[in-house]
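Engineer: Before I ask anything, let me first share the structure, which is written out below as structure tokens.
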Amino acid sequence: MLAKDLLDILACPLCKTPVRMEGEKLVCQNADCGCRYGIQDDIPDMLLEEAERLCPGCGAQREWLPEQDLLRCPKCGKSFQCKREALAENKK
Ligand SMILES: [Zn+2]
Ligand SMILES: [Zn+2]
Numbered sequence: 307m308l309a310k311d312l313l314d315i316l317a318c319p320l321c322k323t324p325v326r327m328e329g330e331k332l333v334c335q336n337a338d339c340g341c342r343y344g345i346q347d348d349i350p351d352m353l354l355e356e357a358e359r360l361c362p363g364c365g366a367q368r369e370w371l372p373e374q375d376l377l378r379c380p381k382c383g384k385s386f387q388c389k390r391e392a393l394a395e396n397k398k
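Its first residue numbered 307, the sequence shown is counted upward by one per residue in this note's numbering.
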């Protein structure tokens, strides 16, 4: 079980929206994103590469294109783009 104060500061690495505990997963509360992150030994695994990136439209796993900060659904074509500003700042 994750400590509540840890849960309070966790946010989706893609869109910076807070996540909520749902079963054994941490789920992004942004309906357009909705990425689900696993928890290993009480440590949240916030890697987008390993997340369930299910399409809100059709439920398929979306492709993650890091160069474009883009999630793209191979099934219905719906995409979700998010500028990861914090990371962009670090690259300067
Ligand atoms: Zn998100
Ligand atoms: Zn889709």
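Ideal Cβ positions, reconstructed from N, Cα and C, are used throughout, including at glycine.
This structure is a prediction, so every number in the text was calculated from the model and none was measured.
By a C-beta neighbour count over all protein chains shown, 10 Å radius and 16 as the cutoff for buried, is Pro372 buried or exposed?
Structural biologist: Position 66 of the sequence shown, counted from the start, is the residue given in the question as residue 372. The residue is exposed, with fewer than 16 neighbouring Cβ atoms inside 10 Å.
Engineer: Can you give the beta carbon distance from Cys361 to Cys334, rounded, assuming they're within the 8 Å contact cut?
Structural biologist: Along the sequence shown, one-based indexing puts residue 361 at 55. Along the sequence shown, one-based indexing puts residue 334 at 28. In fact, because the Cβ distance is near 13 Å, the residues do not count as touching under 8 Å.
Engineer: With distance defined between alpha-carbon atoms, name the residue in Lys384, Glu355, Cys388 and Lys331 nearest to Asp347.
Structural biologist: Stepping through the sequence shown from its first residue, residue 347 is reached at position 41. Considering only alpha carbons, the answer is Lys331.
Engineer: Looking at Pro312 and ligand 1, is the gap between the Cβ and the nearest heavy atom below 7 Å?
Structural biologist: For the purposes of this step, residue 312 is taken as residue 6 along the sequence shown, with counting starting at 1. The question names Pro, yet the displayed sequence has Leu at residue 312. No.
Engineer: By Cβ distance below 7 Å, which residues in the same chain neighbour Met327 in space, the five residues on each side in sequence not counted?
Structural biologist: As a first step, residue 327 must be located in the sequence shown, where it is residue number 21. Correct list, in chain order: Leu308 and Leu313.
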